[in-house]
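Residue numbers (our numbering): 12 to 422. See structure below.
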């Protein structure tokens, strides 16, 4: 059975490779992934780590990078001679962070095949590998452990229905037991691991909280944004999809006196034109020479977290898709946060709802009813800010806890 499982897993990886190879002709994202992977080996051959201790951090995409980022920067500040290799699976992470200054080398991770993994380990010679959140590359993990490389997982979240707790996937679960340490975000994850006979865990919290606190203190926007929103009430719609547009359309129509700043998840020209068509209201693009509308569409990447600093309210997209996007980025500024019903996989969202600093929009007019209530009650609005501040104060510090436990492996 064990042999069959590994065989089927490898077949699945090969099928995935065929999908990327042929899919690149129809998808810009897959084209970037295919081309980026072709450059891996030359980049590794050209870049010498000069026999420094090498820490390899792997993130699936941009969201996982933001969870790993505070730890990477802490390691680099405390151990400047350490060589840090950062790898991504998704172009949405690599393309945005390929020049990240705290990593010495940034690459795509190739397919999880033995031939690639053996070559990676031979060239990188890592002493420690850190995976972030959901990343389980089973062939790579097995190869690392067989080469006596210390493997860690940070910001882990586990649920009882995770596939590797099924008896069929016992060989995968056995690899989890061989991690040096699994740092989890919450007690529920720890209880799940414990009930499945995985004992090498530690509850430390979510490193993203440290990250958003740090970034909120450095939030800065182009002057023309400040001029545009001056003395105005602002709603920022972060990472929105077409499925969010019913809510967005309702709010832009209900509050014409507000400034509405829309930051789509997909900033391609076609998607933005589609949003405008659904919205059916006068709007301006960020790249327009002048903004003569109270609706501004951000058609670039990288500004969203700063935009929340000028918002009075935030609506987070994805809640009508597979799941919501980052709710911590707006909440750190103490503003009420709204999102759709698909949020239960996100611990921070559940906690924020319990604290009544975030609100679920299961019908398009729920948002406006909440905003009306808060607009007429300044004390209630201020209470949200106070509760948000307490939430972040009480949940900060995960990075320091992880860095403390990693210290013996970095010296």
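Quick reminder that beta carbons are idealized off the backbone N, C-alpha and C, glycines included. If you're wondering where the values come from, they're calculated on a predicted model, not measured in any experiment.
Beta-bridge pairing of residue 165 - partner residues as DSSP gives them: 143
ask   = Does the distance from the C-beta atom of residue 326 to that of residue 344 stay below 8 Å?
value = no
Margin query: Can you confirm whether the segment 25-41 touches the segment 82-91 when touching is taken to mean that 3 or more C-beta pairs between the two stretches lie within less than 8 Å?
Written below: no
- [ ] Return the Cβ separation of residue 60 and residue 94 in integer angstroms, given the expectation that the two are a contact with Cβ distance under 8 Å.
- [x] 4 Å
Counting Cβ pairs, one atom from each stretch, are 3 or more of them under 8 Å apart for the segment 225-240 and the segment 352-360? no
- For the beta strand (DSSP E) holding residue 212, just list the boundary residues, first then last. 212-214
First and last residue of the uninterrupted alpha helix (DSSP H) at residue 14
13-34
Worksheet item: So, residue 195 versus residue 223, is the Cβ gap smaller than 8 Å?
Response: no
- Assuming residue 113 contacts residue 87 under a Cβ cut-off of 8 Å, what Cβ separation, rounded to an integer in Å, is found between them? 5 Å
Between residue 44 and residue 119, is the Cβ-Cβ spacing less than 8 Å?
-> yes
Just to confirm my understanding: we take residue 156, look at its own chain, exclude 5 residues before and 5 after, and list those with CB closer than 6 Å. What are they? 189
- prompt: Is the beta carbon of residue 51 less than 8 Å from the beta carbon of residue 141?
  reply: no
With DSSP run on the structure shown, which of helix, strand or coil describes residue 371?
-> strand
Can you tell me the Cβ-Cβ gap for residue 279 and residue 331, rounded? I've got them flagged as a contact below 8 Å. With a Cβ gap of about 20 Å, residue 279 and residue 331 do not count as contacting.
What are the start and end residues of the beta strand (DSSP E) that includes residue 94?
94-99
Exercise for the section: Evaluate residue 171 with the Cβ neighbour count: other Cβ atoms within 10 Å of its Cβ, from every protein chain shown; 16 or more gives buried, anything less gives exposed. Expected result: exposed
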